[in-house]
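K.L.:
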Amino acid sequence: MTSSKIAITLSHLGDLTVGYRLSNNKLDPSKPTLVCLNSMCMTTALFTPQFEDPDLSSTLNILAIEPLGHGSTSFPSKAAHFTYWDSAAVALEVMTALGVEKAFALGTSQGGWMVVRMSLLAPERILGLLPLGT
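Counting from 1, position 100 in the sequence shown corresponds to residue 100 in UniProt numbering; the numbering is continuous, with no gaps.
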């Protein structure tokens, strides 16, 4: 399955298109949410086994977000360079845009660095961290 896209704006990065994938294509507010950030040169496809696992998708919302410059996510329009902090801020903004107030955050490799930064930027929104291979 391909990613959906959402348009967001961050003051220091400008307008962005961000690729994401949401289990069952909708947020179920009665379930906890797991935000997943992929490793370098990967897309939300990395998490296909998790999306296809009926036990997981029936018990929680899975939201995979493609970091800056990966998959369907654009490069910043206002910045020549960006950091893992910027990708973390983008992920938090996508959570807000989709109505996710709080979530557990899982990241593989560089995604792990980003989810740790998400928890430092918004500790009240991150319920727990799962950095894998980081």
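Note that CB positions come from ideal geometry on N, CA and C, so glycine has one too.
Can Ala97 and Val35 be called in contact, C-beta distance under 8 Å?
P.N.:
Stepping through the sequence shown from its first residue, residue 97 is reached at position 97. Stepping through the sequence shown from its first residue, residue 35 is reached at position 35. Cβ distance not < 8 Å, so Ala97 and Val35 don't count as in contact.
K.L.:
What is the residue span of the beta strand (DSSP E) that Thr17 lies within?
P.N.:
Position 17 of the sequence shown, counted from the first residue, corresponds to residue 17. It spans Gly14 to Leu22 - the beta strand (DSSP E) in which Thr17 sits, taken as one unbroken run.
K.L.:
Determine the burial state of Thr9: buried for a count of at least 16 other Cβ atoms within 10 Å of its Cβ, exposed for fewer.
P.N.:
The count along the sequence shown starts at 1 and reaches residue 9 at position 9. It counts as exposed.
K.L.:
For a test of your reading of the model: does the CB of Asp55 fall under 7 Å from any non-hydrogen atom of the ligand ATP? Yes or no.
P.N.:
As far as ligands go, the structure on display features none, and thus does not contain the ligand ATP.
K.L.:
Say whether the stretch 40-59 touches the stretch 79-88, bearing in mind that this needs 3 or more beta-carbon pairs closer than 8 Å, one atom from each stretch.
P.N.:
Contact fails between the stretch 40-59 and the stretch 79-88, because fewer than three Cβ pairs, one in each stretch, are under 8 Å apart.
K.L.:
Using 8 Å as the Cβ pair cut-off and three pairs as the minimum, do the stretch 32-50 and the stretch 108-120 touch?
P.N.:
yes
K.L.:
If you draw a straight line from the alpha carbon of Lys26 to that of Thr44, how long is it in whole angstroms?
P.N.:
Counting from 1 along the sequence shown, the entry for residue 26 is found at position 26. Counting from 1 along the sequence shown, the entry for residue 44 is found at position 44. Cα to Cα, Lys26 sits roughly 16 Å from Thr44.
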